[in-house]
Amino acid sequence: MDLGSLEEVLSSFSPEEVERIERLDPQYRALERLFSSLGDEELFFKLVLVNALLSYRLPTKGERYWNNFANFFSRRPDLSAFEEFLRLYNNRLLEGKLKRLRRALRAVEKLSAAEFARFCRNPEGLLNFLVKEMNQPPTAKTLVFAVKMFLYACRVAGKAAARAPFSLAVPLDSRLRKVSEDLGFWNDLSRRVGIAPLHLDALVWLSLGGDAEFLSSLEGELKEKVLRLRSVLKKLTGERG
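Here the working numbering is used: position 228 in the sequence shown is 229, and no number is missing along the way.
Okay, here's the thing in structure tokens:
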């Protein structure tokens, strides 16, 4: 695999540009809609964490799934509605997900508004909490994805949010696996291009799979960079377009 072009284009993104791209993520925008409709910050954080912990083997693309999540809980702002939501929108391996739901709900009910604010500044602390509560390793895809979505939620809620540290792994889903299934590859790439893995994940995930609406939301030099990255990723994965 020729990685020179990939490293070159990734290195061209500044931290501010990566954050701008994250704010255009359809999943981020779904959280903005949900937050504006809820009027309950603590419930918002709990809903986001629980949903992220259950975001595996989805029946639809992640963008559509999080849009369904925002629509559903805008109408039904209650943690007790999660089982109904799963039966409607995330029903693959349902029995296992219902069991995991119960564990996730027990975990988030232990957290207060003050602890959510603290975790916005200390994402490693959130990961350590989830490792203990969910009994999974710190590289587990759903755990690091939950931290990523929680940091999105922190920004949406106007909290002082830290950038993700380099110690947190990428959430290695099917889209990233097209490039490499090796976490070591992603950790090394992250260090070489100077973008922490969780932020690198957002950049690659959106550039590789972003739809026309996402691409149309970009402008100028930033759009040119994303299109170049998209082209490099498509060549690496053997995809067309």
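C-beta: ideal position from N, C-alpha, C; glycine also. Please read these numbers as outputs of a predicted model, since none were measured by experiment.
| Asked | Found |
| --- | --- |
| Pick out whichever of K179, K47, E220 and K224 has its Cα sitting closest to the Cα of D202. | K179 |
| Is it buried or exposed, S15, if we count other Cβ atoms within 10 angstroms and call 16 or more buried? | exposed |
| For a test of the three-state rule: what should DSSP assign to A82, helix, strand or coil? | helix |
| If you reduce the DSSP assignment to three classes, tell me which class I196 lands in. | coil |
| Ignoring anything shorter than 4 residues, give me the alpha helix (DSSP H) runs that lie fully in the region 153-223, in order along the chain. | 175-178, 184-194, 198-210 and 213-217 |
| Quick one, are the C-beta atoms of A158 and P124 less than 7 angstroms apart? | no |
| Go ahead and label G211 buried or exposed: buried means 16 or more other beta carbons lie within 10 angstroms of its beta carbon, across all protein chains shown. | buried |
| How many whole angstroms separate the CB atoms of S208 and L234, which I take to be in contact at a CB cut-off of 8 angstroms? | 6 angstroms |
| Can you tell me whether DSSP reads N68 as helix, strand or coil? | helix |
| Counting only runs that start and end within the region 74-129, where is the alpha helix (DSSP H) found for 4 or more residues in a row? | 83-90, 95-109 and 114-122 |
| What's the C-alpha gap between A115 and A162? | 14 angstroms |
| Return the CA-CA distance between V132 and P139, expressed in angstroms with no decimal places. | 6 angstroms |
| Ends of the alpha helix (DSSP H) at G5? | G5 to S12 |
| For K47, report the span of its alpha helix (DSSP H) as first-last. | E42 to L54 |
| One question on the structure: do V109 and L50 come within less than 7 angstroms of each other, judged by their Cβ atoms? | yes |
| For L39, which residues in the same chain have their Cβ closer than 6 angstroms to its Cβ, ignoring the five residues on either side in sequence? | F45 and P78 |
| Assuming L169 contacts P198 under a Cβ cut-off of 8 angstroms, what Cβ separation, rounded to an integer in Å, is found between them? | 6 angstroms |
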